[in-house]
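The sequence shown begins at 8 in our numbering and counts up one residue at a time. Inspection log for the structure reproduced underneath, given as structure tokens.
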Amino acid sequence: HKVLHIDLAITGCSDSDGVDMYGLDGEEMSYADFNKGEGVVALPPFADPFTFPGFYEQAVGNQGVCKANLATSIKAYKNPEEKIAPPHSSIYPRDDVDLGVENTLICHVSGFHPAPVRVRWTRNNQNLTEGVRLSTPYPNADFTLNQFSSLPFTPEEGDIYGCTVEHKGLAEPLTRIWEPEVIQPSVGPAVFCGVGLTLGLLGVAAGTFFLIKGNQCN
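This is the structure:
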């Protein structure tokens, strides 16, 4: 049988942090925000909204079970050494860029372990926080993690945006830079048109001159 969709539920925890989320086909659908004490539906604007009654309360219960299992596992496996993998990142706009038109910048962080990563945004070296969103860590096939951060913005000529990632696997913060590309209008057609017009006028002038000279000779 062919697999049409992959549904995924993740519950994870550490001594100081936790994650509880649902995903579909590699995309985050909903997650528990333990800082705000609520469940969040993470769907694009065009998707039909839905709710999971009791989702957050269940996520809180899952964290209690997870932390109990974590303590047992640490004792049973004699406090195994934590495997650390540093992240790599990329930054790109969600839509085609037009100056003055609202868009979204996306910073994709991948290949890291363990969570969390910290992501900071800047514009012209000034920190940005309004509208910034950070997804729940999502597992890769090699058991490392990936995560998306998004920033709503309106591109303007001369602006320089930065996405800085911090993680325990990095010796220093990792920063990617993005700036809007301003495509200058091509001057080729105008130049060729001007040259063609000039040559055409010269041709008309030369033809008129020889026509007049021919009439005088006659």
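Built from N, CA and C at the ideal position, the CB exists for glycine as well.
For residue i, the residue or residues it bridges with in DSSP
i, result
"V48", "S37"
"H95", "S117"
"N110", "F160"
"N153", "S117 and Y145"
"V126", "V172"
"I184", "G169"
Per-residue burial, residue i [other beta carbons within 10 Å of its own, 16 or more giving buried]
i, result
"V67", "exposed"
"V72", "exposed"
"P144", "buried"
"L158", "buried"
"D149", "exposed"
"F155", "buried"
Euclidean distance between Cα positions of residue i and residue j
i, j, result
"G138", "T111", "10 Å"
"H115", "T79", "34 Å"
"G33", "A49", "13 Å"
"H174", "R127", "12 Å"
"C200", "E164", "Caution applies to C200, whose pLDDT of 48 falls short of 50 and renders its modelled position unreliable; the model cannot decide the point."
"I91", "H120", "5 Å"
"N153", "Y29", "15 Å"
"R101", "P51", "12 Å"
Span of the alpha helix (DSSP H), counted from its first residue to its last, around residue i
i, result
"Y63", "F62 to A83"
Endpoints, the beta strand (DSSP E) within which residue i is located
i, result
"F53", "Note, F53: premise wrong, no beta strand (DSSP E); not H, not E."
"D103", "Segment: none, D103 is in no beta strand (DSSP E) and carries neither H nor E."
"A16", "D14 to C20"
"G25", "G25 to L31"
"L135", "Q133 to L135"
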